[in-house]
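The structure appears below as structure tokens.
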Amino acid sequence: MGKLLVTGGAGFIGSNFVRHILENTEHSVTVLDKLTYAGNRANLDGLDPRRCELVAGDITDAELVDSLVRDSDAVVHFAAESHNDNSLRDPWPFVHTNLIGTYTLVEAVRHHGTRFHHVSTDEVFGDLELDDPAKFTEETPYNPSSPYSSTKAGSDLLVRAWVRSFGVAGTLSNCSNNYGPYQHVEKFIPRQITNVLSGSKPKLYGAGHNVRDWIHADDHSAAVLRVLEAGEIGRTYLIGADGEADNLTVLRTILRLMGRPEDEFDHVTDRAGHDLRYAIDGERTRQELGWEPQFTDFESGLRNTIEWYTEHRDWWEPVKEATEAKYREAGQ
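For the sequence shown, my numbering gives the first residue as -17, with consecutive numbering after it.
Set out below in structure tokens:
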């Protein structure tokens, strides 16, 4: 692999992956990103233009996708509409990007015989009971609950079908909730951090008992690279860092780390169909690929993330007010 095509590489997880590639390998990268509200040219600032090229375009544009895939040695597919609240307000962009976009990509890699890795989410499995000792595994049946997770589940199945029916050299990964630098302020952790930094109270859905399994974006990037390098074609790899925590605990930890009282937040209307608990069993991935997360202390990772948002106000402040206005309209 010399030249990678990274879809959604100007978004949160994609841009962290691009930075990881340029810092840890000799590969060059072409980023294909539609640059919607969640994609940001600034996420790629400071990268060597001789090794990283940004192409503004849509993954549903078959002609553009075909030309980029033809010139690439491998494709890593991050591009997706990914915010549950937005999918409940308007499902169509999720159908368009997550399903039609993935179809366009797998057709292009089929035509050119290009290595393909598809990045997905643990939300395709639905949720677990709060007191259930089980975790999601590679054998867990799909049971998505929102337009976001259902279209991601559909995109996973497209990739699997193209691997089986057409011999596409593809792998998949399902990852738990990511956090870290460059994450849009609509997401749970950066929303709370930037609320404190901007002088307003953080917001908590309902009672905050919902549990997420957190992983730092740097660890996710390292795991995806290992799958790309050593993964078995046709396999699905679960990526997690054993970072389960309920939303109330995460919020109180953020407040404490930022020197604020742990009860200084507002309860807001809960999300419709809010999944209870996600938990990834990533042991097989670790054993087979030799990958281990580095941010095993969630509090340390949160401190790292808080520092980044504190030092990069110019990155998030221009979109903060508009984001909060949308939440206010929804009573959140």
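Ideal Cβ positions, reconstructed from N, Cα and C, are used throughout, including at glycine.
Model, not experiment: these values are computed from the prediction.
Distance CB(residue i)-CB(residue j) smaller than 8 Å
i     : j      : result
A261  : I215   : no
G55   : K(-15) : The residue you asked about is not Gly; residue 55 is Asp in the sequence shown. Cβ distance < 8 Å, so D55 and K(-15) count as in contact.
L50   : L14    : yes
V91   : K134   : no
F247  : L210   : no
V88   : V37    : no
M240  : V178   : yes
W290  : T176   : no
T218  : E120   : yes
N66   : S158   : no
D138  : H100   : yes
E226  : D195   : yes
V58   : F(-1)  : yes
E63   : T86    : no
T287  : A223   : no
L335  : S(-3)  : Because the chain here runs from -17 to 314, residue 335 falls outside it and cannot be looked at.
A212  : H2     : no
S132  : T103   : no
G(-9) : V11    : yes
Residue span of the alpha helix (DSSP H) that contains residue i, given as start and end
i    : result
L36  : Taken as a continuous stretch (DSSP letters only), L36 belongs to no alpha helix (DSSP H), being part of the beta strand (DSSP E) at C34 to A38.
Y309 : R295 to E311
N66  : N66 to R71
D48  : A44 to R52
I175 : F170 to L179
A90  : T84 to H94
F148 : P129 to F148
T103 : No alpha helix (DSSP H) contains T103, which is instead part of the beta strand (DSSP E) from R97 to T103.
D201 : A199 to A212
T267 : E265 to L271
Length of the line joining the Cα atoms of residue i and residue j
i     : j    : result
G191  : L258 : For the record, residue 191 in the displayed sequence is His; it is not Gly. Looking at the two C-alpha atoms, the distance is approximately 8 Å.
V206  : G21  : 20 Å
G28   : K302 : 23 Å
G95   : V145 : 11 Å
L46   : G83  : 12 Å
E265  : G39  : 37 Å
I(-5) : D245 : 30 Å
A61   : T231 : 30 Å
G(-7) : T153 : 21 Å
D72   : R310 : 17 Å
I171  : N6   : 27 Å
A24   : R32  : 17 Å
N68   : G313 : 14 Å
I41   : G283 : 32 Å
P243  : Q174 : 13 Å
A116  : D109 : 11 Å
T251  : G188 : 6 Å
D53   : D30  : 19 Å
R97   : K308 : 39 Å
A254  : R285 : 30 Å
P300  : Q276 : 32 Å
R208  : E270 : 10 Å
For residue j and residue i, believed in contact at Cβ under 8 Å, the rounded distance
i    : j    : result
L4   : C34  : 6 Å
H9   : D48  : With a Cβ gap of about 21 Å, H9 and D48 do not count as contacting.
L220 : N156 : 5 Å
V167 : T267 : Not quite, the Cβ-Cβ distance comes to about 30 Å (not below 8 Å), so this is no contact.
Residue span of the beta strand (DSSP E) that contains residue i, given as start and end
i    : result
V77  : Unbroken run through V77: none, as it is neither H nor E.
I236 : No beta strand (DSSP E) contains I236, which is instead part of the alpha helix (DSSP H) from N229 to L239.
L154 : G152 to C157
V13  : S10 to D15
I221 : T218 to I221
L186 : K185 to Y187
H249 : D248 to V250
H59  : A56 to H59
Minimum Cβ-Cβ distance from residue i to chain B less than 8 Å
i    : result
T122 : Chain labels in this structure do not include chain B; a single protein chain is all it has.
Does the count of Cβ pairs from the stretch 228 to 237 and the stretch 289 to 309 closer than 8 Å reach three? no
Counting Cβ pairs, one atom from each stretch, are 3 or more of them under 8 Å apart for the stretch 198 to 209 and the stretch 155 to 175? yes
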